[in-house]
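Take a look at the structure set out below.
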Amino acid sequence: MDSRKAERLKLIQQALQDQNAIHLKEMAALLDVSEMTLRRDLNHFSKHLRLLGGYITRVGNEVGDYRVAEQDTRHVEEKRRIGKLAAQLIQPGDTVFFDCGTTSPFVVDFIPDALEFTAVCSSLNVLLKLQNKPNCHIVLCGGTFHRKNQVFESSAESSILDSVRLTWAFVTAAGVSQEFGVTCFNFNEVEVKQKVMRLAQQRVLLADFSKFDTVRTAHFAALQDFQYVVSDKKIPRGYKDVIQANGAQLLV
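Residue numbers (the working numbering): 48 to 299.
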């Protein structure tokens with residue numbers, strides 16, 4: 048198997064860690080190959096992967112599993128595209144904070160294995176992704192583990208973040224509002240989000256279109272606090288104008 052096929056296999060398997068199936072057309076677009084090329088790849092990968100009803104799924108899944116992706120996972124295509132765009136910002140030697148949530152792991156998926164960088168994280172789902180990157184030095188913020196959102200929360204006056212200087216902070220949100228700011232569901236996320244935003248040279252908001260014009264319980268920032276916003280093409284037009292008026296760069 049040549050190196051490009053092997054890399055495509057790895058990316059498909061990483062994508063399937065977050066869902067039971069992914070549509071052939073979507074995966075081909077994300078890998079920048081034709082559907083025919085991907086079909087040929089799947090013939091080579093038949094011990095690991097199979098094509099069912101237009102969906103790629105793992106060998107060993109039940110026949111009906113390819114439908115689960117549509118039912119159980121929200122906006123996966125948008126999150127994966129956000130991940131691909133955000134990963135392109137990271138350069139060799141950077142120190143990067145990856146926030147909790149379901150979008151951050153997609154950023155990690157698209158970081159090349161050869162890239163040497165330092166990652167800082169405070170959540171279990173991101174840690175499990177980062178450990179697959181052989182040239183990544185991982186710094187985990189410790190503390191009490193919250194199962195609901197898989198976050199480690201430290202109650203100490205000082206934390207490991209105080210001694211870290213971040214190049215990038217990739218911050219996720221559950222709500223983005225022009226009037227009420229940037230919000231999340233859980234108060235145990237707020238302190239870390241605000242601290243990394245103070246420490247980072249570059250602050251990046253990761254939010255798919257469904258987060259805009261939405262307000263959640265815990266406020267942690269204003270939209271204008273970010274230098275980059277990474278979203279998708281469905282982001283409301285009004286927010287595109289506001290982001291650009293604030294001098295931030297919008298990546299979609």
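All C-beta atoms, glycine included, are put in the ideal place defined by N, C-alpha and C.
Only a predicted model underlies this, so the values are computations on that prediction, with no experimental measurement involved.
Report the three-state DSSP secondary structure of residue i (helix, strand or coil).
| i | result |
| --- | --- |
| residue 113 | Because residue 113 sits at a pLDDT of 35, beneath the cut-off of 50, its placement in the model cannot be relied upon, and the following sentence gives the value as read from the coordinates. Correct three-state label for residue 113: helix. |
| residue 163 | coil |
| residue 85 | helix |
| residue 130 | helix |
| residue 125 | helix |
| residue 103 | strand |
| residue 228 | strand |
| residue 157 | coil |
| residue 269 | coil |
| residue 137 | coil |
| residue 290 | helix |
| residue 60 | helix |
| residue 118 | With a pLDDT of 33 at residue 118, under the threshold of 50, the modelled position of this residue cannot be trusted, and the question is left open. |
| residue 212 | coil |
| residue 276 | strand |
Between the C-alpha atoms of residue i and residue j, what's the straight-line distance to the nearest angstrom?
| i | j | result |
| --- | --- | --- |
| residue 71 | residue 254 | 24 angstroms |
| residue 214 | residue 143 | 6 angstroms |
| residue 290 | residue 95 | 43 angstroms |
| residue 197 | residue 75 | 31 angstroms |
| residue 177 | residue 216 | 15 angstroms |
| residue 266 | residue 206 | 22 angstroms |
| residue 49 | residue 88 | 11 angstroms |
| residue 64 | residue 154 | 14 angstroms |
| residue 276 | residue 199 | 25 angstroms |
| residue 292 | residue 274 | 12 angstroms |
| residue 296 | residue 269 | 15 angstroms |
| residue 158 | residue 137 | 8 angstroms |
| residue 114 | residue 288 | Low per-residue confidence applies at residue 114: pLDDT is 40, beneath 50, and the placement is therefore not dependable enough to give any value. |
| residue 116 | residue 67 | Here residue 116 scores only 39 on pLDDT, less than 50, and its place in the model should not be relied on; the value that follows carries that caveat. Looking at the two C-alpha atoms, the distance is approximately 6 angstroms. |
| residue 101 | residue 259 | 31 angstroms |
| residue 149 | residue 172 | 8 angstroms |
| residue 248 | residue 85 | 39 angstroms |
| residue 208 | residue 98 | 44 angstroms |
Label residue i either buried or exposed according to how many other C-beta atoms from any shown protein chain fall within 10 Å of its C-beta, with 16 as the threshold for buried.
| i | result |
| --- | --- |
| residue 133 | buried |
| residue 118 | Summary for residue 118: the model assigns pLDDT 33, below 50, so the residue's position carries little reliability, and this model does not support an answer. |
| residue 234 | exposed |
| residue 192 | exposed |
| residue 51 | exposed |
| residue 83 | exposed |
| residue 106 | exposed |
| residue 236 | buried |
| residue 152 | buried |
| residue 109 | In this predicted model, residue 109 has a pLDDT of only 49, less than 50, meaning its place in the structure is not dependable; the value taken from the coordinates is given anyway. That one is exposed. |
| residue 130 | buried |
| residue 90 | exposed |
| residue 161 | exposed |
| residue 93 | exposed |
| residue 195 | exposed |
| residue 156 | buried |
| residue 62 | buried |
Alpha carbons only, please: which of the options is nearest the one belonging to residue i?
| i | options | result |
| --- | --- | --- |
| residue 279 | 299, 247 and 263 | 299 |
| residue 77 | 137, 128 and 96 | 128 |
| residue 264 | 271, 131 and 227 | 227 |
| residue 125 | 73, 58 and 201 | 73 |
| residue 81 | 195, 55 and 175 | 55 |
| residue 168 | 230, 239, 122 and 103 | 239 |
| residue 147 | 190, 90, 163 and 218 | 218 |
| residue 165 | 211, 123 and 257 | 211 |
| residue 139 | 122, 163 and 123 | 163 |
| residue 256 | 170, 188, 122 and 104 | 122 |
Can you determine whether any heavy atom of the ligand NAP sits closer than 7 angstroms to the C-beta of residue i, and answer yes or no?
| i | result |
| --- | --- |
| residue 277 | Absence of the ligand NAP is noted for the structure shown, with no ligands found whatsoever. |
- Message: Taking 8 angstroms as the cut-off, does the stretch 284 to 295 touch the stretch 175 to 183 (at least 3 CB pairs, one atom from each stretch)?
- Response: no
- Item | At least three beta-carbon pairs within less than 8 angstroms, the stretch 247 to 261 to the stretch 221 to 229 | yes
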